[in-house]
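Inspection log for the structure reproduced underneath, given as structure tokens.
Protein chains: 4
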Amino acid sequence: MATRGRHGERREQLVTAAMAVIAQRGVGALRTREVAAAVGITHASLHYHFPNKIDLIRAVLERALHKQIVLPMVHVDEKLSAAERLRVLLVGLARQMRREPGNVAVLKELHQFADRDDAVRALLEPGIRRWREFLVTLIKQGQAEGDFRPDLDPSATASLLILVTLGTRLGGSLAPDLDSAVLGQIARLLGADTAWNRGET
Amino acid sequence: MATRGRHGERREQLVTAAMAVIAQRGVGALRTREVAAAVGITHASLHYHFPNKIDLIRAVLERALHKQIVLPMVHVDEKLSAAERLRVLLVGLARQMRREPGNVAVLKELHQFADRDDAVRALLEPGIRRWREFLVTLIKQGQAEGDFRPDLDPSATASLLILVTLGTRLGGSLAPDLDSAVLGQIARLLGADTAWNRGET
Amino acid sequence: MATRGRHGERREQLVTAAMAVIAQRGVGALRTREVAAAVGITHASLHYHFPNKIDLIRAVLERALHKQIVLPMVHVDEKLSAAERLRVLLVGLARQMRREPGNVAVLKELHQFADRDDAVRALLEPGIRRWREFLVTLIKQGQAEGDFRPDLDPSATASLLILVTLGTRLGGSLAPDLDSAVLGQIARLLGADTAWNRGET
Amino acid sequence: MATRGRHGERREQLVTAAMAVIAQRGVGALRTREVAAAVGITHASLHYHFPNKIDLIRAVLERALHKQIVLPMVHVDEKLSAAERLRVLLVGLARQMRREPGNVAVLKELHQFADRDDAVRALLEPGIRRWREFLVTLIKQGQAEGDFRPDLDPSATASLLILVTLGTRLGGSLAPDLDSAVLGQIARLLGADTAWNRGET
DNA sequence: CATGAATGAGATTTCATTCAT
DNA sequence: TATGAATGAAATCTCATTCAT
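Here the protein sequences line up with chains L, V, B and P, keeping their order. Each residue of the first sequence is one higher than the one before, counting from 1 in UniProt numbering. Each residue of the second sequence is one higher than the one before, counting from 1 in UniProt numbering. Each residue of the third sequence is one higher than the one before, counting from 1 in UniProt numbering. Each residue of the fourth sequence is one higher than the one before, counting from 1 in UniProt numbering.
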């Protein structure tokens with residue numbers, strides 16, 4: 001409220017700067033001074049654009065969420081089979097995490113935040129919910145297409161996959177890589193006797 | 001190994017108090033004063049037991065790690081089959097996480113910390129490494145005993161399971177529950193045609 | 001050069017206040033809170049002008065040095081003979097020290113400091129070096145003008161005079177006064193049979 | 001009072017340790033903990049030997065004073081001429097300062113202290129007074145023996161020499177060395193036409 | 001003589017926030 | 001929009017000192 005300047009170029013610069021800091025050193029290390037300085041204004045001026053520090057953080061969250069969850073789901077080629085789309089999705093996720101570690105770090109930080117900030121939580125939750133719904137649909141389709149084992153519980157399997165992505169995203173450098181070996185193993189586990197179970201990654 | 005003290009009763013009290021704070025409000029909200037007050041001493045006195053705040057944090061980590069990772073691994077009945085031991089382990093983990101959410105929260109916080117504090121990271125890393133080794137062994141045994149699919153890549157599967165536990169642990173309230181549906185699904189995925197795949201959760 | 005500020009009025013006030021404290025009770029007794037209060041701001045505000053306590057101390061030193069060493073050298077009447085200029089300089093020094101004991105005390109404190117703070121030392125050293133060069137020149141001129149004994153080693157004599165001034169400045173209340181008896185004695189010692197040795201202080 | 005243990009070996013060790021710290025880093029950096037640790041006891045135990053920190057400091061002072069002022073005066077060969085004794089004294093002082101910089105540093109620190117601690121001052125003052133008396137006597141003797149200029153004002157000259165020694169002692173690394181050139185110059189200045197003025201250092 | 005434990009009284013520094021200009 | 005100046009409220013850390021054992 002009363003937060004958004006008209007076209008808000010400065011605002012965007014500030015969000016970008018803040019995101020960089022959060023990615024590298026965590027929300028806990030976010031200093032308004034530093035962010036302001038990064039775009040060439042005083043920390044006093046930052047408060048014109050974001051009355052509170054928390055508003056700045058939320059703006060960062062919005063942006064990160066958009067890039068990491070919304071975009072991937074949108075961009076999968078709709079002509080592929082469900083099994084292939086799942087694979088493409090996971091591979092893409094893994095690749096993007098490798099390419100934009102900053103984004104991941106930001107999300108990680110914000111997950112942490114979500115536990116105690118309801119507003120942040122409210123932003124994060126629907127993202128996960130949609131992700132789950134998407135997976136469930138995908139799994140059912142895959143079963144219908146005969147690519148996935150028919151005895152899969154779509155919901156439980158979606159949970160499983162969500163846990164895997166969360167583990168990857170939040171485990172940081174301590175988590176095992178979501179590399180092709182692991183992705184292949186997932187494929188083989190989910191696959192019906194026919195398709196994935198016959199062989200290739 | 002830690003910092004001081006033969007008896008170290010006070011030290012333990014302080015660690016307990018600090019753990020509670022971290023669990024409820026995060027490392028970022030840890031205040032030495034508060035911790036000290038919680039056990040009835042001055043913050044100056046706290047510094048007698050822990051010269052630095054970070055030493056206190058590390059002590060908390062050691063404890064949480066011990067309870068959450070070391071103890072579970074130790075307490076599995078060695079007479080069970082590998083498949084059953086894995087299930088027991090996962091069920092136990094899920095149960096303990098439900099029973100001691102504080103511990104989980106602490107670990108979550110400290111995972112975050114690990115990315116930037118090498119000392120903390122050094123404590124966390126071997127825990128994960130041993131957990132992985134344990135899983136790999138278990139999977140191989142399960143395969144030898146005919147309970148797990150022979151085409152499982154033990155290492156990749158271990159990675160997968162680690163990601164799942166990390167996801168559970170770090171996803172917090174946003175992560176899907178590691179409930180019996182999910183555990184059952186895991187069992188069915190890993191199982192050879194014979195054992196787990198024939199039936200019960 | 002210092003730290004901040006175009007106007008820097010507050011900065012100057014703070015330096016003045018700090019100088020007073022150092023003069024009366026020593027650098028060791030300098031408290032940012034006290035200095036800030038003396039000019040009517042909070043100690044938090046002081047840190048706006050001087051990020052570190054040490055920056056404040058250095059600013060004090062700069063000022064004291066200027067007043068005590070630079071200014072006196074500048075203000076000697078150039079029309080006098082070298083011998084008379086030396087006497088004027090020493091008399092003036094003695095007088096100023098009597099009039100502004102604060103300044104002396106500050107310099108004394110800072111001399112102490114210089115042994116362990118390179119930045120302070122770097123400020124103090126050129127002052128001494130220029131003082132020495134000035135004395136050497138003066139002595140040579142005095143010799144040329146026939147007022148000083150021709151067998152004086154200008155450098156050694158300069159050292160001697162520096163030691164005397166240092167002794168005066170640093171000896172504090174325990175040092176003998178640099179009074180007219182002593183100044184007269186110096187004059188007589190340096191003088192050629194002609195000039196100073198003939199008489200008055 | 002009530003400070004001295006019976007034979008006080010520990011006491012001496014503590015004084016030695018404290019002296020080392022003061023010499024290297026100044027009284028301001030003296031920490032009871034450190035001193036205690038240096039002799040292998042706790043800082044709590046130190047307070048058995050020295051109820052107050054200031055008592056420790058005073059003990060250090062007593063020792064330093066004794067070594068630096070009392071001892072040199074005592075050990076000059078009484079068979080020499082006054083002029084030679086003065087030279088021996090100054091040379092010895094310079095040499096000792098070069099050999100035991102720690103002692104000098106301690107004295108320097110304590111001079112500083114003296115300005116604000118009357119007890120310390122009371123210890124330092126008689127040392128200087130006796131030093132002055134000694135010099136006055138020496139100068140008079142030297143005049144009587146025909147080695148010093150008869151027109152020297154013994155008291156003023158003594159002041160001068162005291163200032164020189166103070167300057168040397170307190171100027172620290174910033175002061176000119178009291179080397180043979182300077183000592184020679186002093187000799188030539190004081191010398192009657194006969195003795196020192198004729199030539200050699 | 002010595003120690004472990006505790007304490008009081010600070011000291012410096014950090015930082016988001018406010019506000020007049 | 002932006003800034004300089006100030007502030008409040010903390011937070012961590014230091015250190016001499018005390019005292020029961």
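Note that CB positions come from ideal geometry on N, CA and C, so glycine has one too. On a predicted model such as this, the values are computed, not experimentally measured, just so you know.
| Query | Result |
| --- | --- |
| Element boundaries [alpha helix (DSSP H), containing residue 54 of chain V] | 53–65 |
| Partners in chain P for residue 120 of chain B, counting only beta-carbon separations shorter than 9 Å | Those do not exist, as residue 120 of chain B stays about 11 Å from chain P at its closest Cβ, beyond 9 Å. |
| C-beta contact flag for residue 23 of chain P and residue 120 of chain P at 8 Å | no |
| Chain V residues whose Cβ lies nearer than 7 Å to that of residue 176 of chain L | 159, 162, 163 |
| Chain-ordered neighbours of residue 189 of chain P on chain B, where CB pairs are closer than 7 Å | 189 |
| Bounding residues of the alpha helix (DSSP H) (the contiguous stretch that carries residue 150 of chain L) | First-last for residue 150 of chain L: undefined, no H or E at that position. |
| Where residue 26 of chain V sits in the DSSP three-state scheme | coil |
| For residue 191 of chain B, the residue or residues it bridges with in DSSP | B:148 |
| Proximal chain V residues relative to residue 25 of chain L, where beta-carbon distance stays under 8 Å | 116 |
| Residue 168 of chain L, buried or exposed, once every other Cβ within 10 Å from all chains shown has been counted against 16 | buried |
| CB contact below 8 Å: residue 151 of chain V versus chain L | yes |
| Residue 58 of chain V at chain L interface by Cβ criterion, 8 Å | no |
| Beta carbon of residue 76 of chain P nearer than 8 Å to that of residue 60 of chain P | no |
| Whole-angstrom distance between residue 101 of chain V and residue 62 of chain V, CA atom to CA atom | 17 Å |
| Spatially closest choice to residue 175 of chain B from P:188, P:8, P:40, P:158, by CA coordinates | P:158 |
| Where residue 111 of chain L meets chain V, residues with beta-carbon distance less than 8 Å | 170, 171, 172, 174 |
| Close Cβ partners of residue 1 of chain L (< 7 Å) along its chain, the five nearest in sequence each way excluded | At residue 1 of chain L, the pLDDT of 40 sits below 50, so the modelled position is not reliable; the number obtained from the coordinates is stated separately. Taken in chain order, the list of residues that qualify is empty. |
| Same chain, Cβ closer than 7 Å to residue 13 of chain V, neighbours up to 5 away in sequence not counted | 39 |
| Minimum Cβ-Cβ distance from residue 128 of chain V to chain L less than 8 Å | yes |
| Separation of residue 103 of chain P from residue 19 of chain P, as counted between CA atoms | 8 Å |
| Closer than 8 Å to chain P by CB, residue 62 of chain B | no |
| Between the CA atoms of residue 82 of chain P and residue 141 of chain P - distance to the nearest angstrom | 6 Å |
| Extent of the continuous alpha helix (DSSP H) to which residue 109 of chain B belongs | 101–114 |
| Alpha-carbon spacing of residue 79 of chain B relative to residue 85 of chain B, whole angstroms | 9 Å |
| Proximal residues to residue 183 of chain L (C-beta, below 8 Å), its chain only, five neighbours per side dropped | 87, 90, 91, 94, 201 |
| Neighbourhood of residue 155 of chain L by C-beta, 7 Å cutoff - its chain only, sequence neighbours within 5 removed | 136 |
| Closest residue to residue 129 of chain P among P:54, P:51, P:162 (Cα-Cα distance) | P:162 |
| Residue 160 of chain V and residue 185 of chain L closer than 8 Å at C-beta | yes |
| Residue 71 of chain B classed as buried or exposed, judged by whether at least 16 other C-beta atoms fall within 10 angstroms | exposed |
| Where residue 18 of chain P meets chain B, residues with beta-carbon distance less than 9 Å | Those within 9 Å of residue 18 of chain P in chain B number zero; the least Cβ separation is about 16 Å. |
| Coil, strand or helix - residue 85 of chain L by DSSP | helix |
| C-beta contact flag for residue 35 of chain B and residue 113 of chain B at 8 Å | no |
| CB-CB length for residue 110 of chain V against residue 144 of chain V, believed under 8 Å | Not really, about 36 Å apart at Cβ, beyond 8 Å. |
| Beta carbon proximity, residue 107 of chain V to chain L, threshold 8 Å | no |
| Same chain, Cβ closer than 6 Å to residue 253 of chain L, neighbours up to 5 away in sequence not counted | Nothing about residue 253 of chain L can be read from this structure; chain L reaches only from 1 to 201. |
| Partner residues on chain V for residue 186 of chain L, Cβ-Cβ distance less than 8 Å | 160 |
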